[in-house]
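Line order of the protein sequences matches chains F and L.
Sequential numbering of the first sequence, starting at 10, is according to the numbering used here.
Sequential numbering of the second sequence, starting at 13, is according to the numbering used here.
The structure under discussion appears below in the form of structure tokens.
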Amino acid sequence: MFMKSLRSLFALLVIPLVLSMGLGLSASAMAADGQTNQQQVATNDVDLWRAVKAGDSGYTTAKGVETGVLINVVGNEGKDVRNEYLVPVMGITVVGVFAAFLFFYLVNGPSKLSKGFSGKMVLRWSKADLWIHWVLATSCLALIFTGLNIMLGKYILQPYIGEGLWAGLIYGSKTIHDWIGPVFIVSWILCVVKWMPLQTFKMYDLKWFLVVGGYVNFGPFKGKHPDSGFANAGEKMWFWTLTIFGLFIAASGLMLVLPGLDLPREASMAALLIHGISAIIIIAFTIVHVWMATVLSEGGMECMVSGYCDENWAVQHHNLWYDELKDSNGIVYKD
Amino acid sequence: MANMKFLCDTKRCIECNGCVTACKNANASAIGWGIQRRRVVTLNDGEPGEASISVACMHCTDAPCMAVCPADCFYRTDEGIVLHNKETCIGCGYCLYACPFGAPQFPKKNAFGSRGKMDKCTFCAGGPAPDFSEEERKLYGANRIAEGKLPLCAELCATKSLLAGDALVISNIFRERSAARGAPEALWGYKPTTG
């Protein structure tokens, strides 16, 4: 008799507890707005702890951000998104995009100049443009390599090297990442402002996409040279991607690197995720950009080395720009 | 092997902040200016149903800080205590974002107020440096666990509200207390009037 009543008491105690925990989990998101008002006095322990779990704030003498909040699960959920999605996606992106272009290069080969080099060099970029490009490129690459170590180093590097070396590497990565960031932001602003007029989309850019830019050396796309102005459609896409995600990555980066902003954890974790997503996209485009410039487009690299391009290269890859220059007698040849 | 936890009995906590002071005192060699590893939060302050709770690092079994740390500086001791290596910590702040309890603290002493090495409750178990070494004392503070003692916050708690120790032991203590004093509102309609 006694045991039986104990058992029913247990059932009465445990069942509501389990139910309330289940409800608490599903309702925790909704409860965040409902439970924060101080007027609603929670005399019931269950209500009290449900509110605490939903992020209710109390009084504390501790100074700082959100010190009155006992539990805030948002950051932990963000951690799950970062570890389960962003980390693997970033790894796959780096390896995958690089491998895809290596495969394309091996199968397709570079896009050669159909008439060979003319030897006549046409001015394409000013000295200021070269400086902006290379400062941006160097800072961006430094940020990518240090960022990759911060994101993936724990999994692909740390288990295989000594503790002291790892500590030095990861601390160096973080410090370089912090201090190169501002250099990237300044050169990114200059790049966006100075080059934006050249990057507006035109109708002929659609046709560029239809023939994959004329880089395919086999099948129906072979030998096609789509129209393009100063920048081709692919370059424009890269420019606008860097513009938009550069803005995201710069803003979120500043939020992360300046603790003096005293941001709540939700904002910091959101910044961390936005920073990661933007980085994945920029890294993917950077790999494509480097492949295109160095090996896939014959004569393309020269533009950013001397600022001049071969006349035949200009005619083949940027015909509308070349025609426009020619019509206005604006061509400047290298001495 | 023990699984060390903190447990704060809200029916006993009187918000005296003695645990905060005890912690700062025990670990004074490591805790910088403006940092407190433990804090007391009072819910429904001054209203019926007021409850105070002392909170610090909860030494989670599935610690989010450990999972998110890009430097991989956290580790768990055999006693289930979550500790970190300040030599490896890079002060990125990710653990602070991920921790549900706001336990990680950062000294602001670098350029532009950027974060120094993270500091948090060590369960008075020091750190990876050799036990009782000067390095451990300076970086992590007390190592009372190695002395066979419990964290000073719990040891000094005047009302024995803050309990520290093996999860099984302290939850048994709490269960005995609950059984002895009753738990009004734990059952529907069970509302005994006391006093």
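Don't be surprised by glycine CBs; every beta carbon is placed ideally from N, CA and C.
- Setting aside the 5 residues that flank it on each side, aspartate 271 of chain F is surrounded in the same chain by Val74, each with a C-beta closer than 7 Å to its C-beta; the list follows chain order.
- Exclusion of the five residues before and after glycine 316 of chain F leaves Leu132, Arg133, Trp134, Ser135, Lys136, Asp138 and Leu139 as the residues of its chain whose Cβ lies within less than 8 Å of its Cβ.
- Nearest C-alpha to aspartate 89 of chain F among L:Val80, L:Cys85 and L:Ile43: L:Val80.
- Counting the other CB atoms within 10 Å of its CB gives leucine 265 of chain F a total of 16 or more, which places it among the buried residues.
- Residue pairing for glutamine 117 of chain L: DSSP places it in a beta bridge opposite L:Asp131.
- Nearest in C-alpha terms to glycine 269 of chain F, of all of L:Trp45, L:Leu95 and L:Asn122, is L:Asn122.
- For isoleucine 101 of chain F, the enclosing alpha helix (DSSP H) stretches over residues 96 to 117.
- Assigned with DSSP and collapsed to three states, histidine 96 of chain L falls in strand.
- For the C-beta of proline 76 of chain L, the chain F residues within less than 8 Å are, from N- to C-terminus, Gly84, Asn85 and Lys88.
- DSSP places tyrosine 224 of chain F outside both helix and strand once states are collapsed to three, so it counts as coil.
- According to the DSSP assignment, leucine 305 of chain F belongs to no alpha helix (DSSP H), since it is labelled neither H nor E.
- Where arginine 88 of chain L is concerned, there is no enclosing alpha helix (DSSP H), although the beta strand (DSSP E) around it starts and stops at 86 to 88.
- By the criterion of a C-beta distance shorter than 7 Å, serine 127 of chain F is surrounded in its chain by Asp319, Glu320 and Asn321, once the five residues flanking it on both sides are discounted.
- For the 9 Å CB-CB criterion, alanine 115 of chain L and cysteine 169 of chain L do not form a contact.
- Here the alpha carbon of valine 225 of chain F sits roughly 33 Å from the alpha carbon of asparagine 338 of chain F.
- Residue pairing of tyrosine 317 of chain F in beta bridges, as defined by DSSP: F:Leu132.
- DSSP places phenylalanine 18 of chain L in the strand class (E or B) of the three-state scheme.
- DSSP places leucine 265 of chain F within a helical segment (H, G or I) once states are collapsed to three.
- Annotation for aspartate 187 of chain F: the continuous alpha helix (DSSP H) segment containing it runs 172 to 204.
- The residues Ser182, Ile185 and His186, in chain order, have a CB closer than 6 Å to that of threonine 155 of chain F in the same chain once the five nearest residues on each side in sequence are set aside.
- Here leucine 161 of chain F carries a helix assignment [DSSP, helix/strand/coil].
- Excluding the 5 residues flanking it on each side, glycine 105 of chain F has no same chain C-beta neighbour closer than 6 Å.
- Using a Cβ distance threshold of 9 Å, alanine 176 of chain L and lysine 17 of chain L count as a contacting pair.
- In chain order, Gly114 make up the part of chain L whose C-beta sits under 7 Å from the C-beta of valine 78 of chain F.
- Put simply, the stretch 89 to 104 of chain L touches the stretch 166 to 179 of chain F. At least three CB pairs are less than 8 Å apart.
- Sixteen is the threshold: when 16 or more other Cβ atoms of the shown chains lie within 10 Å of the Cβ of arginine 91 of chain F, as they do, the residue is buried.
- Contact between threonine 102 of chain F and isoleucine 292 of chain F holds: CB atoms are separated by about 6 Å, below the 8 Å threshold.
- DSSP places threonine 147 of chain F in the helix class (H, G or I) of the three-state scheme.
- The C-alpha of valine 78 of chain F lies about 46 Å from the C-alpha of isoleucine 141 of chain F.
- Only those residues of the stretch 105 to 135 of chain F whose C-beta falls short of 7 Å from the nearest C-beta of chain L would be listed, and there are none.
- Listed along chain F, the residues sitting closer than 9 Å to isoleucine 65 of chain L by beta-carbon distance are Val61, Gly67 and Leu79.
- In the DSSP annotation of this structure, the continuous segment of the beta strand (DSSP E) that includes leucine 174 of chain L starts and ends at 174 to 178.
- Looking at the backbone, the Cα of glycine 190 of chain F and that of leucine 152 of chain F are separated by about 7 Å.
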